[in-house]
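Using full-length UniProt numbering, the letters of the sequence shown map in sequence onto residues 1 to 276. Before any comments, here is the structure.
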Amino acid sequence: MRIGERRRFWLTRQVEQLWLYGWLCLRSLVYNSFADGDTALDALFEPIYWLVDHVTRWFGVSKSDVAAVSICRKCIAPKPARTHHCSICNRCVLKMDHHCPWLNNCVGHYNHRYFFSFMLFMTMGCIYSSISGWDMFWEAYAAIETYSQTPPPTFSFRQRAFHKSIVYAWVLCSSVALALGALMLWHSVLITRGETSIERHINRKERKRLQKKGKVFRNPYSYGPLGNWKVFLGIERQRHWVTRVLLPSTHRPYGSGMRWDTPACVAEQKPPLLAI
Ligand SMILES: [Zn+2]
Ligand SMILES: [Zn+2]
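Structure representation (structure tokens):
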């Protein structure tokens, strides 16, 4: 009787240990400190998303007025060309470029020009401040260097705070000029090519895929370098270079972002010879 009890206890303990070991293995395999309830729910809904995607593809997506090329699996709504779903904003964004964590907003069809203008003017302002403040920075820096000399210089608290503020402001301005300038130049390249940041990756893949087949990829949304800038800045007439580029303007971008017909300002141009 006692032996039987001991045996049962030993068996329960073995099963318990096996269970704990298995649980630990499973946790080690799937544990993710960044995962939360939303991630788990998304993963559970994945088969439904798959079903929606395939069923709508089967029946066709152009049932509504929206010129959709696919269906957003999250919004379960038609998704026009160049539109992407932002998981942070939790919505589809027309001609989505990227989600900017600094602006806490998406950069897309309606605010891409403002985003670029912000980068351009901020960089120009920082470069101006860095160049014009160079002498002031150097004087303040030289003064700080003398703090540890003996006998110590007779700077007041106010003067010392002034020196440090100047150095801080100059370093901040120069760093922002460098970082934002680089980002602005990169976006200039993308605009010249008629691509968004997301399309850059998609097009690169597509280019490689077609290259293997001996074909040349041509970006359907590119109207040539000048044409792309005209479309991006909204230049319809010559005077718009002044009124819409040099001066602040609230004009809306070309089109609704739903359809991507060739704009009138570039329609008369021949397609670019170089496919980019
Ligand atoms: Zn969506
Ligand atoms: Zn977003």
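For every residue, glycine included, the Cβ atom is placed at its ideal position computed from N, Cα and C.
Best match in the options for proximity to residue i [C-alpha to C-alpha]
i	options	result
residue 174	115, 210, 158, 128	128
residue 231	251, 10, 217	251
residue 74	58, 255, 47, 81	47
residue 119	107, 202, 180	180
residue 253	35, 110, 78, 42	110
residue 78	149, 59, 150	59
residue 126	9, 172, 34	172
residue 122	142, 216, 184, 27	184
residue 190	157, 249, 224, 213	224
residue 117	49, 55, 188	188
residue 198	98, 150, 69	98
Range covered by the beta strand (DSSP E) that runs through residue i
i	result
residue 77	77-80
residue 106	105-107
residue 91	91-93
residue 99	98-100
residue 282	Since the displayed the chain opens at 1 and closes at 276, residue 282 lies outside it and no answer follows.
7 angstroms Cβ shell around residue i - same chain, five flanking residues per side excluded
i	result
residue 276	With a pLDDT of only 48 at residue 276, under 50, the local geometry of the prediction cannot be trusted, and no value is derived from it.
residue 140	163, 166, 167
residue 233	113, 244, 245
residue 53	71, 73
residue 40	none
residue 195	203, 219
residue 18	none
Unbroken alpha helix (DSSP H) run spanning residue i, endpoints
i	result
residue 25	2-30
residue 201	197-212
residue 139	134-145
residue 159	157-193
residue 255	Unbroken run through residue 255: none, as it is neither H nor E.
residue 111	Looking at the DSSP string, residue 111 is not in any alpha helix (DSSP H), and its letter there is neither H nor E.
residue 232	225-233
residue 267	264-267
Counted within 10 angstroms of its Cβ, other Cβ atoms place residue i as buried (16 or more) or exposed
i	result
residue 170	buried
residue 130	buried
residue 3	exposed
residue 45	exposed
residue 25	exposed
residue 82	buried
residue 80	buried
residue 34	exposed
residue 84	buried
residue 214	exposed
residue 137	buried
residue 43	exposed
residue 177	buried
Residues of its chain near residue i, where Cβ-Cβ distance is below 6 angstroms and the 5 sequence neighbours each way are ignored
i	result
residue 115	107
residue 217	206, 207, 210
Cβ-based neighbour list, residue i, same chain, cut-off 8 angstroms, excluding 5 preceding and 5 following
i	result
residue 235	229, 241, 244, 245, 265
residue 38	none
residue 76	52
- Query: Three or more beta-carbon pairs under 8 angstroms between the region 251-266 and the region 82-99, yes or no?
  - Reply: Taking a cut-off of 8 angstroms for Cβ pairs, the region 251-266 and the region 82-99 touch, as three or more such pairs fall below it.
- Task: Go through the residues and name those whose CB comes closer than 7 angstroms to any heavy atom of ligand 3, in chain order.
- Result: This structure lacks ligand 3; the ligands present are ligand 1 and ligand 2.
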